[in-house]
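So the sequence lines, in the order shown, correspond to chains A and B. In terms of UniProt numbering, the first sequence opens at residue 1 and continues consecutively. In terms of UniProt numbering, the second sequence opens at residue 1 and continues consecutively. Glycine included, each C-beta is placed from N, C-alpha and C at the ideal position. First the structure, in the form of structure tokens, and then the observations on it.
Protein chains: 2
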Amino acid sequence: MSSQPMRKQVEEYILGLQDRIVSAFEKADPNSPPFRRDEWTRKEGGRGISCVFATPEDDKSILEKAGVNISIVHGMLPPAAMKQMCAEHSTVPIRESAMPFFAAGISLVVHPRNPHAPTVHANYRYFEITDLPTEGEKEADGSPTKGKLLAWWFGGGGDLTPSYLYEEDAVHFHRTIKEACDPHGAALYPELKKWCDKYFFIQHRGEARGIGGIFFDDLNDQKHHVLSDDIQRPRTPEEIFAFIKSTGDAFVPSYLPILERRARTPFTPAQRRWQLIRRGRYVEFNLIYDRGTKFGLLTPSARVESILMSLPETARWEYMSEVGTQEGSEEAKCVAVLRTPREWV
Amino acid sequence: MSSQPMRKQVEEYILGLQDRIVSAFEKADPNSPPFRRDEWTRKEGGRGISCVFATPEDDKSILEKAGVNISIVHGMLPPAAMKQMCAEHSTVPIRESAMPFFAAGISLVVHPRNPHAPTVHANYRYFEITDLPTEGEKEADGSPTKGKLLAWWFGGGGDLTPSYLYEEDAVHFHRTIKEACDPHGAALYPELKKWCDKYFFIQHRGEARGIGGIFFDDLNDQKHHVLSDDIQRPRTPEEIFAFIKSTGDAFVPSYLPILERRARTPFTPAQRRWQLIRRGRYVEFNLIYDRGTKFGLLTPSARVESILMSLPETARWEYMSEVGTQEGSEEAKCVAVLRTPREWV
Numbered sequence: 001m002s003s004q005p006m007r008k009q010v011e012e013y014i015l016g017l018q019d020r021i022v023s024a025f026e027k028a029d030p031n032s033p034p035f036r037r038d039e040w041t042r043k044e045g046g047r048g049i050s051c052v053f054a055t056p057e058d059d060k061s062i063l064e065k066a067g068v069n070i071s072i073v074h075g076m077l078p079p080a081a082m083k084q085m086c087a088e089h090s091t092v093p094i095r096e097s098a099m100p101f102f103a104a105g106i107s108l109v110v111h112p113r114n115p116h117a118p119t120v121h122a123n124y125r126y127f128e129i130t131d132l133p134t135e136g137e138k139e140a141d142g143s144p145t146k147g148k149l150l151a152w153w154f155g156g157g158g159d160l161t162p163s164y165l166y167e168e169d170a171v172h173f174h175r176t177i178k179e180a181c182d183p184h185g186a187a188l189y190p191e192l193k194k195w196c197d198k199y200f201f202i203q204h205r206g207e208a209r210g211i212g213g214i215f216f217d218d219l220n221d222q223k224h225h226v227l228s229d230d231i232q233r234p235r236t237p238e239e240i241f242a243f244i245k246s247t248g249d250a251f252v253p254s255y256l257p258i259l260e261r262r263a264r265t266p267f268t269p270a271q272r273r274w275q276l277i278r279r280g281r282y283v284e285f286n287l288i289y290d291r292g293t294k295f296g297l298l299t300p301s302a303r304v305e306s307i308l309m310s311l312p313e314t315a316r317w318e319y320m321s322e323v324g325t326q327e328g329s330e331e332a333k334c335v336a337v338l339r340t341p342r343e344w345v
Numbered sequence: 001m002s003s004q005p006m007r008k009q010v011e012e013y014i015l016g017l018q019d020r021i022v023s024a025f026e027k028a029d030p031n032s033p034p035f036r037r038d039e040w041t042r043k044e045g046g047r048g049i050s051c052v053f054a055t056p057e058d059d060k061s062i063l064e065k066a067g068v069n070i071s072i073v074h075g076m077l078p079p080a081a082m083k084q085m086c087a088e089h090s091t092v093p094i095r096e097s098a099m100p101f102f103a104a105g106i107s108l109v110v111h112p113r114n115p116h117a118p119t120v121h122a123n124y125r126y127f128e129i130t131d132l133p134t135e136g137e138k139e140a141d142g143s144p145t146k147g148k149l150l151a152w153w154f155g156g157g158g159d160l161t162p163s164y165l166y167e168e169d170a171v172h173f174h175r176t177i178k179e180a181c182d183p184h185g186a187a188l189y190p191e192l193k194k195w196c197d198k199y200f201f202i203q204h205r206g207e208a209r210g211i212g213g214i215f216f217d218d219l220n221d222q223k224h225h226v227l228s229d230d231i232q233r234p235r236t237p238e239e240i241f242a243f244i245k246s247t248g249d250a251f252v253p254s255y256l257p258i259l260e261r262r263a264r265t266p267f268t269p270a271q272r273r274w275q276l277i278r279r280g281r282y283v284e285f286n287l288i289y290d291r292g293t294k295f296g297l298l299t300p301s302a303r304v305e306s307i308l309m310s311l312p313e314t315a316r317w318e319y320m321s322e323v324g325t326q327e328g329s330e331e332a333k334c335v336a337v338l339r340t341p342r343e344w345v
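Have a look at this one:
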């Protein structure tokens, strides 16, 4: 067990994970330019590194657009963001005013160019809300006090969004994640898979964004509003952080083999068109429903380019498109799974 | 003055206006296929006609994607939608339960193919909230009572979104609309232009969606929450409806000359790319901020295809794009006007 504060432990972990993930993608496509690395600082407090792959004028790369971002920020949460926080996180105390917060996380979205290779998303984050520091009070080391810790939690998950369904890919992705979850509690994978299917649901379309994975939020030592009290799950900060590290570490083995298997499959313009229509749905989910995106855009001095990095390079919207409606087609097979989520392992 | 109920008058007007607008576009591009006309009915009550232009596999048409939709619907507004209604419309009575509503409107978005031809949007609508009908009560004609009229209002407007700024186009568009407004009150155009710049603002980008036009909501005979009591403006249902008709009739003369002037301008792939990036911003506004879209998606059995008709056929998102940032470029000229809205007439 580390004697470091959790803030510091999470920061170190996501820095290393970002490096490992970006290197894995670069190794998978050695002829393409490396990811662009942008370090930024936030004037209200904190910093981040956005690692982005985008070559708008070139179409030979395996990836079309990808972002692997980390941010470690702190400051005051304005009342509007605080209000949303309280509504969504049962352990956050209700306060009318701005409150100090700390947030550290890694967030990635990868859109490959080939319609047969699925889009992937993962995100792991740690959050703290502290009390307003008392005037003049100091920490043990003499620095200004951070204020009493009022609430903390971990959240995260990863999920896969194919345009064409390859069952073996779905099984591989889910099995790898399940194996990362199981040592931390046998009920975790099934519960978090269910939560994922529910969270990534495009209400107005009546379909899921993708074929799932895991999703969780508000993991801490309190009674949980989604997970039943009976299930075995990580509860202390150290236990939850160990679970986060297992699932974070599972990202590369869960996705890279799929990307390498599909990225060079020959495809037709019609298949590309279908992929871009599916990307339109991805945009709909992220801009209308995704809490992370909404919260990000509400945060003052948020780095918009990093938040909207999740959007694909191109997306299409066709009115009453006939693509995907033909029974028995490969496109319809994918839609069927999005309408009725399936168990893969 | 018509002796018909306002519901009926609005319905007739928007039906005719839709026809005139669609015909004008079809006449402007006689070699392209006509708009597709979809009539639909809503099982909870009401109907609509979506007139849509979309030829995904062909790139010779002047328009890339266009929808001119009308809907005349009624039913019960569920509590969630009712709550949003109350928050946004000061004259809507606060009720905890679902309430009967009636809504009729015309809504159009036109995305031309050529980057030099601007996107245009217009929308005119009439809304009623009525009391729950008393059991057994009948109208004068013997039909079941509609319940007492609790609130009514008109809303609407029209605005232009260029990728490349042609000042003469901006002036023509605004002047035509101003001339339609002026007979109904000299302060209307300047007030509604201001409202338009404010409404179509993409907060997280710090820029407007386009170069404005007019926008208004909650026009009725009550004290208005935006328009000062001192200004001369239409107040009775008949006066407001006359104003709606003037501005609705102004659509074709405000936009068609611009389309015809720009639709055949030669353009480069770089200009097309810029246009698609601007369309990405259009998508961001519509999915994140637009109240009509949000409200539409909340309405049970909403016709999603008609609501999301406003989205362009294709849009692009580039991370930290350098396009538009070069000082003195035509792209930067457009961005400057979006950041600092200008008076055109």
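Q: Could you tell me whether the stretch 239-248 of chain B touches the stretch 177-191 of chain B, using the rule of 3 or more Cβ pairs below 8 Å?
A: The stretch 239-248 of chain B, when compared against the stretch 177-191 of chain B, does touch it at the 8 Å Cβ threshold.
Q: Taking C-beta pairs closer than 7 Å, name the residues in chain C that Val52/A reaches, listed in chain order.
A: The chain labelled as chain C is not found among the protein chains of the depicted structure, namely A and B.
Q. Which residue from His74/B, Ser71/B and Ser97/B puts its Cα closest to that of Lys83/B?
A. Ser97/B
Q) How about Ala52/B and Arg36/B: are their beta carbons less than 8 Å apart? A) Residue identity check: residue 52/B is Val in the sequence provided, not Ala. Less than 8 Å separates the beta-carbon of Val52/B from that of Arg36/B.
Q. When you check each C-beta in the stretch 35-46 of chain A against every C-beta of chain B, which residues fall closer than 7 Å?
A. Going along the stretch 35-46 of chain A in chain order, one finds no residue with a Cβ nearer than 7 Å to chain B.
Q: Give the interface partners of Gly67/A over in chain B, defined as CB-CB distance under 9 Å, in chain order.
A: Tyr319
Q) Among residues of its own chain, excluding the 5 on either side of Pro100/B, which ones have a beta-carbon nearer than 8 Å to its beta-carbon? A) So the qualifying residues of the chain are His74, Gly75, Met76, Leu77, Ile129, Thr130, Asp131, Leu132, Pro133, Lys146 and Gly147.
Q. Between Gln326/A, Met6/A, Asn31/A and His111/A, which lies nearest to Leu160/A when the distance is taken from Cα to Cα?
A. His111/A
(Q) I'd like the span of the alpha helix (DSSP H) that includes Lys83/B, first residue to last. (A) Pro79 to Glu88
Q.
Need the endpoints of the beta strand (DSSP E) that Trp40/B sits in, please.
A. Arg36 to Thr41
Q. For Lys43/A, which residues from the same chain have a beta carbon less than 7 Å from its beta carbon, with the 5 sequence-adjacent residues on both sides left out?
A. Ser301
Q.
Run through chain A and tell me which residues come within less than 7 Å of Leu308/B, C-beta to C-beta.
A. Trp317
Q) Would Pro33/A be called buried (16 or more neighbouring beta carbons within 10 Å of its own) or exposed? A) Exposed.
**Q.** Run of the beta strand (DSSP E) containing Pro112/A, from where it starts to where it stops
**A.** Met99 to Pro112
Q) How about residue 356/A: is its C-beta nearer than 8 Å to some C-beta of chain B? A) In the structure displayed, chain A extends from 1 to 345; residue 356/A sits before or after that span and is not available.
Q | Residues in the stretch 190-204 of chain B having any Cβ partner in chain A nearer than 8 Å | A | Gln203 and His204
Q. In chain A, which residues lie with their C-beta within 8 Å of the C-beta of Pro78/B?
A. Result: empty, since nearest Cβ-Cβ is about 13 Å, beyond 8 Å.
**Q.** Ordered list of beta strand (DSSP E) runs contained in the stretch 209-275 of chain A, each at least 3 residues
**A.** 213-219
(Q) Please identify, using Cβ separations under 7 Å, the residues of the stretch 109-122 of chain B that lie next to chain A, in order along the chain. (A) none
Q.
Let me see if you follow: with CB-CB separation under 8 Å, is Val22/B close to chain A or not?
A. no
**Q.** Contacts around Asp169/A, its chain only, beta-carbon distance under 6 Å, and the 5 residues preceding and following it disregarded
**A.** Ile258
Q: In the DSSP assignment, find the beta strand (DSSP E) that holds Asp159/B and state where it starts and stops.
A: Leu149 to Thr161
Q.
If the cut-off is 7 Å on Cβ atoms, which residues from the stretch 283-295 of chain A count as contacting chain B, listed in chain order?
A. Val283, Glu284, Leu287 and Ile288
Q | Boundaries (first-last residue) of the beta strand (DSSP E) holding Glu128/A | A | Thr119 to Thr130
Q. In chain order, what residues of the same chain lie with their CB nearer than 6 Å to the CB of His174/B, ignoring the 5 residues before and after it?
A. Trp344 and Val345
Q: Starting from the C-beta of Phe154/A, find all residues in its chain whose C-beta is less than 6 Å away, skip the five residues before and the five after it, and write them out in chain order.
A: Tyr126, Leu219, Ile240 and Ile244
Q: State buried or exposed for Leu149/B, treating a residue as buried only when at least 16 other CB atoms are found within 10 Å of its CB.
A: So Leu149/B counts as exposed.
**Q.** Cβ-Cβ separation, Ala104/B to Val10/B (assumed contact under 8 Å), whole Å
**A.** That belief holds up - the Cβ atoms of Val10/B and Ala104/B are roughly 5 Å apart, short of 8 Å.
Q: Look up Glu64/B in the DSSP assignment and say whether it is helix, strand or coil.
A: strand
Q: Determine the extent of the beta strand (DSSP E) in which residue 347/B is found, giving its start and end residues.
A: For chain B, the structure presents residues 1 to 345; residue 347/B sits outside this window and is missing.
Q: Could you check if Pro162/A is buried or exposed, using at least 16 other CB atoms within 10 Å of its CB as the buried criterion?
A: Buried, since its Cβ has 16 or more Cβ neighbours within 10 Å.
Q) In this structure, does DSSP put Ala180/A in helix, strand or coil? A) Three-state DSSP puts Ala180/A in a helix.
Q.
Suppose the cutoff is 6 Å on Cβ atoms and the five residues either side in sequence are ignored; what does the same chain contact list for Asp217/B look like?
A. Gly155
**Q.** Nearest-angstrom Cα separation, counted from Pro253/A out to Phe215/B
**A.** 52 Å
Q.
Strictly below 9 Å CB to CB, what residues from chain A border Pro237/B?
A. Under the 9 Å cutoff, chain A gives no residues; its nearest Cβ is about 33 Å from Pro237/B.
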